[in-house]
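Read top to bottom, the protein sequences are chains A and B. Each residue of the first sequence is one higher than the last, beginning at 2 in the numbering used here. Each residue of the second sequence is one higher than the last, beginning at 2 in the numbering used here. Glycine included, C-beta positions come from ideal geometry on N, C-alpha and C. A quick note: this is a predicted structure, and the numbers were derived from the prediction, not measured. Below: the structure, in structure tokens.
Protein chains: 2
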Amino acid sequence: MPKPTVIDTEFCPIAKSADVMGDRWTLLILRELFFGVTRFEAIQVQTGARPQMLTDRLRRLQHMGVILRSPYQQAPVRHEYVLTDKGKDLFSVLYAMRNWAERWQRDEGTPLAITYTHRACGHDVGLETTCPNCGKILEYGDLKGTPSLHGQSARIAKTDAFNMR
Amino acid sequence: MPKPTVIDTEFCPIAKSADVMGDRWTLLILRELFFGVTRFEAIQVQTGARPQMLTDRLRRLQHMGVILRSPYQQAPVRHEYVLTDKGKDLFSVLYAMRNWAERWQRDEGTPLAITYTHRACGHDVGLETTCPNCGKILEYGDLKGTPSLHGQSARIAKTDAFNMR
DNA sequence: ACTTGTTACTATGATAATCATAGTTATACA
DNA sequence: TGTATAACTATGATTATCATAGTAACAAGT
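Now the structure itself:
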């Protein structure tokens, strides 16, 4: 990641967000964390990032307060990476990206990579930010994902993720 | 920008969005375009990007169909960069980033960099995605920005932007 | 005791991206 | 003829990222 220009970072919220998540690897890492993939190796496999890259980005996210590194076992100590509240609130950004790409970058005739269901009412939410059935604003924890079984999605599905909370 | 991993880009909408806007400069450029800053030099000044960087990123965005390069005068031919519909639809992503950063990355006691008003009802929208007054979903064109006159915002305000449509 | 396996990294040298600085092209205007 | 403006391009240095390999700490099997 390039060095941020002080002028922009100081006052502009877009620049501030860009400092946190303005790079490909960080975005892919966040995606996995939202899917419940929390371990170093698993994230590495899912994102295709090299270990040094992952180490660097996870450390950054940790320093920014977006994720927490917490031990899930002793002897040997192993850590997992989990979203903080600040991190979970990035869901709106990721979800907006997902909606945009599914709307504008999807190959013709291809189904949505993942369809999401509103837990509260059981309705498919499509590509909306509010539930088309009950009208509520959709946030992290409100949705349950079901990957389409085309192509690589099947590979991802094996991770038992998409519980989204 | 690093080369995208084929596996991810092929099926995941987050990866697809990351390919389009997963880098700092692109995000800053998009910010300016949304503010109505459409000329090469002006974007350069506002973002702090080097000309080669700008050339590269504008070309990318053009190839992706996010922006259009159109002449605004002949002899000599000069071009401006304007958002396509596909580009304008990225507003939801940028706006989510703005909201997140203002919520979590703002310095204590600092006012919002820009306050937005819902044109339809004249109400301040705060940091919401739907108007807190009339409940409508907020999209590009619905808002009018007023920069706070602290720090660098004054500099930006001179560009006569924030009309947001 | 020794080998194999797992998780989470670190080290190294090569390649690619980005940087700062300067220069170019085409034209208008004085 | 000389200066100014807009939109870039060129060059060499610096930094980031890459592919490949290796390490540390422990568990479990033979």
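Measure the CB-CB distance between residue i and residue j and report whether it falls below 8 angstroms.
| i | j | result |
| --- | --- | --- |
| V83/A | L69/A | yes |
| R40/A | L95/A | no |
| S18/A | M98/B | yes |
| L113/A | E129/A | no |
| R120/A | D143/A | yes |
| C135/B | V126/B | no |
For residue i, which of helix, strand or coil comes out of DSSP?
| i | result |
| --- | --- |
| L150/A | coil |
| D125/A | strand |
| R32/B | helix |
| Y96/B | helix |
| P133/B | coil |
| T6/B | With a pLDDT of 49 at T6/B, under the threshold of 50, the modelled position of this residue cannot be trusted, and the question is left open. |
Among the options, whose alpha-carbon lies nearest the alpha-carbon of residue i?
| i | options | result |
| --- | --- | --- |
| H80/A | I15/A, F36/A, A43/A, E11/A | A43/A |
| T56/B | V38/B, T85/B, W26/B | W26/B |
| D86/B | F12/B, S149/B, Y141/B | Y141/B |
| V67/B | F35/B, W105/B, F12/B, H124/B | F35/B |
| G88/B | F12/B, M22/B, E11/B, C13/B | M22/B |
| L150/A | Q75/A, E11/A, T116/A | T116/A |
| E172/A | H124/B, S71/B, G123/B, E109/B | Here chain A has residues from 2 to 166 only, and residue 172/A is not among them. |
| M65/B | D20/B, C135/B, P133/B, H124/B | D20/B |
| R58/A | P77/A, P72/A, D24/A, V38/A | D24/A |
| W101/A | W105/B, Q74/B, S93/B | S93/B |
| T48/A | W105/B, C13/B, V38/B | C13/B |
Report the CB separation of residue i from residue j in whole angstroms; it is logged as a contact under 8 angstroms.
| i | j | result |
| --- | --- | --- |
| K137/B | N164/B | Not a contact, Cβ separation roughly 19 angstroms. |
| I15/B | L91/A | About 12 angstroms separates the two Cβ atoms, so there is no contact after all. |
| T118/B | T147/B | 7 angstroms |
Minimum length 3: unbroken beta strand (DSSP E) runs contained in the segment 22-89 of chain B = Note on the segment 22-89 of chain B: whole beta strand (DSSP E) runs with a minimum of 3 residues are 68-74, 79-84, in chain order.
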